[in-house]
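Count along the sequence shown starting at 1, add 6, and that's the number in UniProt numbering.
Take a look at the structure set out below.
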Amino acid sequence: KDRLFGGFRKTSERLSTNLTEVVGTAKLDDSTLDNVEDALIMSDLGPSAAARIRAKLAEKKFGLNITETELKEAVAEEIAEILRPVAVPIEITAFPRPQVLLVIGVNGSGKTTTIAKLAHWFQEDDYGVMLAAGDTFRAAAIRQLATWAERIDVPIIRGPEGGDPASIVFDGVKAATEQGIDALVVDTAGRLQNKRELMDELAKIRKVLGRLNPEAPHDVVLVLDATNGQNALAQIDVFKEVAGVTGLIMTKLDGTARGGVLVAAAEQYGLPIHAIGVGEKIDDLRPFDPDLVAKVIAG
Ligand code: GDP
7 KDRLFGGFRK
17 TSERLSTNLT
27 EVVGTAKLDD
37 STLDNVEDAL
47 IMSDLGPSAA
57 ARIRAKLAEK
67 KFGLNITETE
77 LKEAVAEEIA
87 EILRPVAVPI
97 EITAFPRPQV
107 LLVIGVNGSG
117 KTTTIAKLAH
127 WFQEDDYGVM
137 LAAGDTFRAA
147 AIRQLATWAE
157 RIDVPIIRGP
167 EGGDPASIVF
177 DGVKAATEQG
187 IDALVVDTAG
197 RLQNKRELMD
207 ELAKIRKVLG
217 RLNPEAPHDV
227 VLVLDATNGQ
237 NALAQIDVFK
247 EVAGVTGLIM
257 TKLDGTARGG
267 VLVAAAEQYG
277 LPIHAIGVGE
287 KIDDLRPFDP
297 DLVAKVIAG
């Protein structure tokens, strides 16, 4: 677990400690189950996943004497049950190429870093990758993406600050097609403060893309910061409406005790979870392994 997850341990400590406090009384009766459910809610799994796990535990083990280790294993299994259906890797399958991936998320969520990590990931699988700097609202965003592109040696299509994102995307698809690129990863503005503008901007990008390839964008990946806890869930609601999210990547699981929010997201939205971010470095993106993550979360 440590080798794979580095710092992704605070989450485990949280629920683990909470569960440790629950047992002691040993018998899995109603009051122990109440405490388990509370521990799950306090660990950011959300009321709905907590109730579901409680019901499963009651169904399978009610009245049994149960050790702390058995309880944690049982909880991990129920968490894994929730996570397995949403563990869906991103596959590069688009035909014709390129596969167009729009990456969305609020500023600071780790969007830019995640784009670089994803691009690096695809490179390692021998896919040709190109980036498009569609977050033209902030000059810093364009620069930051360009720095990453240089560092990992992938081409980038960029324009001036304040330029038209849809035209960057148009240029990106054209260049990617000409150069036989497999995956075009597009950064987009993360301005949730101005929902209307963001919606218009994304709609325009979609319109331009759709004219070039009716299947594009193939993926609309929402990047969420796990340290935002329940707030990250609220962002799913908004971006689903604004952007038609097709999948999630949760970042910063190394620095937070709120990894339980992954389970809440899986339970409440059922959207594919493609990967998780566990650090600031280029190779700190991990495939989403539901069993492993469940074990880490349950402790
Ligand atoms: P953006 O504004 O959404 O594009 O966010 P950035 O990609 O610039 O990331 C914001 C900060 O979060 C930067 O300092 C990143 O290094 C950091 N960051 C991104 N992903 C992770 C992660 O998985 N773990 C940690 N610890 N930090 C991350």
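We put the beta carbon where it would ideally sit given N, CA and C, even for glycine.
Taking all protein chains in view, the Cβ of aspartate 35 is surrounded by fewer than 16 other Cβ atoms within 10 Å, so the residue is classified as exposed.
Between threonine 252 and valine 227, the C-beta gap is smaller than 9 Å, which places the two residues in contact.
With fewer than 16 other Cβ atoms from the protein chains shown falling within 10 Å of its own Cβ, asparagine 237 counts as exposed.
In the structure shown, the three-state DSSP call for isoleucine 96 is coil. The nearest non-hydrogen atom of the ligand GDP is less than 8 Å from the C-beta of threonine 257. Beta-bridge pairing by DSSP links arginine 292 to Ile282.
Placement of the Cβ of asparagine 113 at a distance of less than 8 Å from at least one heavy atom of the ligand GDP is found. Counting along the chain, the unbroken beta strand (DSSP E) around isoleucine 255 starts and ends at 253 to 257. Counted as a single uninterrupted DSSP element, the alpha helix (DSSP H) harbouring isoleucine 158 occupies residues 145 to 158. About 17 Å separates the CB atoms of alanine 304 and valine 92; that is not less than 8 Å, and the two are not in contact.
In this structure, DSSP gives lysine 33 an extended state, which the three-state scheme calls strand. Taking a contact to require three or more Cβ pairs closer than 8 Å, the segment 141 to 161 and the segment 55 to 69 do not qualify as touching. Residue state for valine 109 is assigned as strand, using DSSP reduced to three classes. Measuring C-alpha to C-alpha distances from threonine 183 to each of Asp40, Ala209, Gly134 identifies Gly134 as the nearest. Under DSSP, no beta-bridge partner is assigned to aspartate 188.
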